[in-house]
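Residue numbers (our numbering), protein chains in the order written: chain X, 1 to 391; chain R, 1 to 391.
A quick write-up on the structure given underneath.
What follows is the structure in C-alpha cells.
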C-alpha cells in the first residue's frame, strides 16, 4: 500500500544535521557534555522503582535550587509554559479573580491563560523595563481581591530582575497566593522561595540549568496546596491536574504511584544531572558567578558605546542582558551578521520588547568571561560592518 | 544563605544511576543507540532555521508513517496524553456532544478530558477485549449526534487492535469527526489515515518508534481544520492551541514563525531519527515484521499452556500481547520474579484490565524473534518458580 502512497520521504533518508552554535540568547543555552550524556543514556520505564528514585532526587534538587522545604515539589513534563498553565489551572477556579503584573511577555501570557480558563483577570501594567513597587501591588490587591497574583522574577524580554522581598507578605495579608516565574532567573539571581513567602514558583530546564528544554521544575507551598486540593471544580486539564501529578511524584502520601502519563525519561535524566551540577557548585556561588560575569559583560558593552536597557544595575537580570538598539543599525541585520560570521546566537526583543532591545544571555555552563569576551568581540565586529548610511 | 539552608542535597552528589532493562512491556520500549545518539547531540535554538528544517523533516516523516497528505501534521511537545488533550481541546467547544468508545483505559481518559472542558460526553462501552461493530457505532452516532467520535486503534490495556475500515465514512455521514488513538499500534499494525478517512490521528514517540517519551505526532484532516479554525470560543489551553502550534510548525502559510513555547529540541532530534528508521525500513515491512514476531510469540505462549486474552487473531495487537493470568499464580509475583532474575519488564493490566492480563510488548527495535525467545524463556522460568500451593 505504501509503495503506492502519495507521501515522499526522501528527506528522511538524509542524516540528521544540526550545526554547532554558541547559544548566547535568552535560552535554550548550550548543554554541557555531562548533561547531554545523562540525557543520552539507555532509558528505563517511567514507573520503575529506580525511576522513582531519580524523581525523588530531582525533587530534592529542586527544593535546594528553590530553597524550599515544600513537599509539593516536582518537575512538569513540558516547558515553562506547561508549569505556567499548571499553576493557573490548579490554583484558580472559573469566576475567581486573578491579578497579573505585566511588564513584558510573561505577564501577557499568564493573563491569556487565566482568561481562557474563565478567571476574572485584572492587570498591573508597565512598559518593558518597568517594575512595580510594593505599594502599587498592595493597592491593586486591595482593589481586586484576587486569589492569585503573578509576578515574573526574571522578565527576560526586558532583562529585568524584579524585587520580590515583601510581596509574599502583602499577598497573604489580602488572602492571595503569590505565583512567581523564575524561568530566566533561577540559579542566576538570588531567590528564596520559603524566606520570601512565594506560594508557587516554577522555572525551566533550558536556562541557567543548561538541560535541554522539555522539563520544568515547580513547587507549591502548604497554603497553595490547601487552595488547590480543596477546590469545588476539577481543573480543566487532566494532564496538568496536580491531584494526579502529586501522586506520580510520590508527594501525596499514598503507598502506590499510579500511571498518569508517560514522563520524559531522558529529559528527567538530564534534569537530574543539571540539578546535581548546581548542587555541587552551590547556589550562592552560582549567583555571584553570574553577577561577576554579567558585570564584566556590561562594562564591555558600555566600552563599545552601547546603552544598557535597564539603567539601574540592581534591577538587571544577570542571566539575560538587554541592550538598547544602537542608532543607525538594523537590529535584524546585526543578529544575522553575528550568527553568520561568529556562529553566535543573540536575539532581539520578545513580545512587547521587539524592536527595543538586543539580548545576550550567558547562563550556567555558558556563563564565563571567555564567552563574554567572545560575545563582545562579535558585537564589535558587527557594529563595524553593519552601520547604515544616514541616507 | 544556602549554607544556612534547611535543604539537604547529599543525594545529588551521588552519580546518576539507571540499570539496564529489557523494556518488553507496553512502552516505553528500549531506545536504539542511533536514536539515543541523535537525542544526545548538542542542541540548537528552538527557533533556528535549521531547527525548522528538522521540524519540516519530522512533518514529512509523520505524513509517511500516518499515510496522510494532511498539511496540518506536527509533533506535540509532550506525551500521547498531550496529543489527546490537544485534539479534544481544539476540536470541541463547551456544550458540544462527544461520543467515546470505551473498551479499555484510553476511552476512559478521553471521556474524562472531554467532560472537564465542558463537552456533553456519551459513551459506547465494552469490557476489556471487546470491540464495536460499525452498526453499533452508527446507531450511537445517530442517537447522540456528536461532533467528535473517539476510537482507540491500539487498545494497549487489552491488547486489541480495533477495526477502523468504514468508521470514518459513517462518522462523516453524521457530520462527525473521527479521532483515532494509535499510540500503541503505529508502525506495528496497518493504519492509513487518508484512505480510512480518519480526521485526527495521534501516536506517541516511545512505542514502535523507539524514541524516548516526550513527543507525540498528530495530524488533522481538512475537515478537522475547518471545525477547529472556525470555532466561536478559544480553546481552553493556550499551550495546546492549534492556532499557535500550526504557526510554530510552519503549517499556517504565514511567512514568519512566532515564538509560542520552547519545543523539546533533543526530543525532536530523537523523533526525527526514529521516523527516519521507519522510512528506511518501510511501513509495510514494519507491519509484516511485527505480525511475524507476534505470531512466533503467540505460538510460544500457547506452547507454554498459556491462554491469549484476545481470542480472535485478527483483533490481536501485534505490538502488545495480552495473556490471561494463569490460574494458581499471583501476577505481581510473576512480574517481580522476571524483573529480578531476567532484567525484563513485562507488565500487568492497566485501568480496567488490571488483574485480568499480563502484557508483553515487542515494538520496533525490540521486535525480533531472539527477544521473543528470551521473553518466553523468562516466562517459562517464572511459571516454574512462582506456582502457588492450592492451599
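We treat Cβ as the ideally placed atom computed from N, Cα and C, and that holds for glycine.
- At a Cβ-Cβ threshold of 9 Å, residue 142 of chain R and residue 29 of chain R do not count as neighbours.
- Excluding residues up to 5 positions away in sequence, 247 lie with their Cβ nearer than 7 Å to the Cβ of residue 258 of chain R in the same chain.
- Fewer than three pairs of CB atoms, one per stretch, sit closer than 8 Å, so the region 300–315 of chain R makes no contact with the region 250–264 of chain X.
- Nearest to residue 348 of chain X by C-alpha distance, out of X/337, X/332, X/119, X/195, is X/332.
- Residue 123 of chain R has a beta carbon lying at 9 Å or more from every beta carbon in chain X.
- Taking a contact as a CB-CB distance under 8 Å, the pair residue 388 of chain X and residue 328 of chain X counts as one, their CB atoms being some 5 Å apart.
- Residue 220 of chain X counts as buried, since no fewer than 16 other beta carbons sit within 10 angstroms of its beta carbon.
- Counting C-beta atoms within 10 angstroms of its own C-beta, residue 19 of chain R has fewer than 16 neighbours from the protein chains shown and is therefore classed as exposed.
- Look at the beta carbons and you see the region 142–157 of chain R touching the region 173–185 of chain R: at least three pairs across the two are nearer than 8 Å.
- By a beta-carbon distance limit of 8 Å, residue 122 of chain R does not contact residue 103 of chain R. Their separation comes to about 15 Å.
- Per the C-alpha coordinates, the member of R/226, R/271, R/255, R/310 positioned closest to residue 129 of chain R is R/310.
- For residue 108 of chain R, no chain X residue has a Cβ inside 7 Å of its Cβ, as the nearest lies near 10 Å away.
- Apart from sequence neighbours up to five positions away, the residues of its chain that approach residue 87 of chain R with a beta-carbon distance below 6 Å are 179, 200, ordered along the chain.
- Counted as a single uninterrupted DSSP element, the alpha helix (DSSP H) harbouring residue 170 of chain X occupies residues 167–173.
- Beta-bridge partners of residue 72 of chain R (DSSP): R/220.
- Here residue 211 of chain R has 35, 205, 270, 271, 274 as same chain residues with Cβ atoms under 6 Å from its own Cβ, once five neighbours each way along the sequence are excluded.
- Note on the region 66–137 of chain X: whole beta strand (DSSP E) runs with a minimum of 3 residues are 72–76, 97–102, 120–125, in chain order.
- Counting only the Cα atoms, residue 190 of chain R lies some 8 Å from residue 284 of chain R.
- In the DSSP assignment, residue 337 of chain R falls within the unbroken alpha helix (DSSP H) covering 331–342.
- About 6 Å separates the CB atoms of residue 315 of chain R and residue 160 of chain R; that is less than 8 Å, so the two are in contact.
- Under the Cβ criterion (8 Å, minimum of three pairs), the region 110–120 of chain R does not count as touching the region 52–65 of chain R.
- Between residue 322 of chain X and residue 357 of chain X, the C-beta gap is smaller than 9 Å, which places the two residues in contact.
- Residues 77, 214, 215 of the same chain have their beta carbon placed closer than 8 Å to that of residue 264 of chain X, with the five preceding and five following residues left out of the count.
- An exposed status is given to residue 13 of chain R, since fewer than 16 other beta-carbon atoms sit within 10 Å of its beta-carbon.
- Looking from the CA of residue 64 of chain R, the closest CA among R/95, R/183, R/319, R/280 belongs to R/280.
- In the DSSP assignment, residue 257 of chain R forms no beta bridge with any residue.
- The beta carbons of residue 83 of chain X and residue 202 of chain X sit about 4 Å from each other, so the pair counts as a contact at 8 Å.
- Judged by DSSP in its simplified three-state form, residue 151 of chain X adopts strand.
- Residue 271 of chain R sits in a helix when the DSSP states are folded into three classes.
- Only those residues of the region 220–241 of chain X whose C-beta falls short of 8 Å from the nearest C-beta of chain R are listed: 234, 235, 236, 237, 238, 239.
- Counting other Cβ atoms within 10 Å of its Cβ, residue 139 of chain R stays below 16 and is therefore classed as exposed.
- Of all alpha-carbon atoms in R/33, R/236, R/376, R/267, the one lying nearest the alpha-carbon of residue 296 of chain R is that of R/376.
- With respect to chain X, the C-beta atom of residue 288 of chain R has no partner C-beta closer than 9 Å.
- Inclusion of residue 46 of chain R and residue 262 of chain R in the CB contact set at 9 Å is warranted, their separation being smaller than that value.
- The continuous stretches of alpha helix (DSSP H) do not include residue 198 of chain X, and DSSP gives it neither H nor E.
- Around the beta-carbon of residue 299 of chain R, fewer than 16 other beta-carbon atoms lie within 10 Å, marking it exposed.
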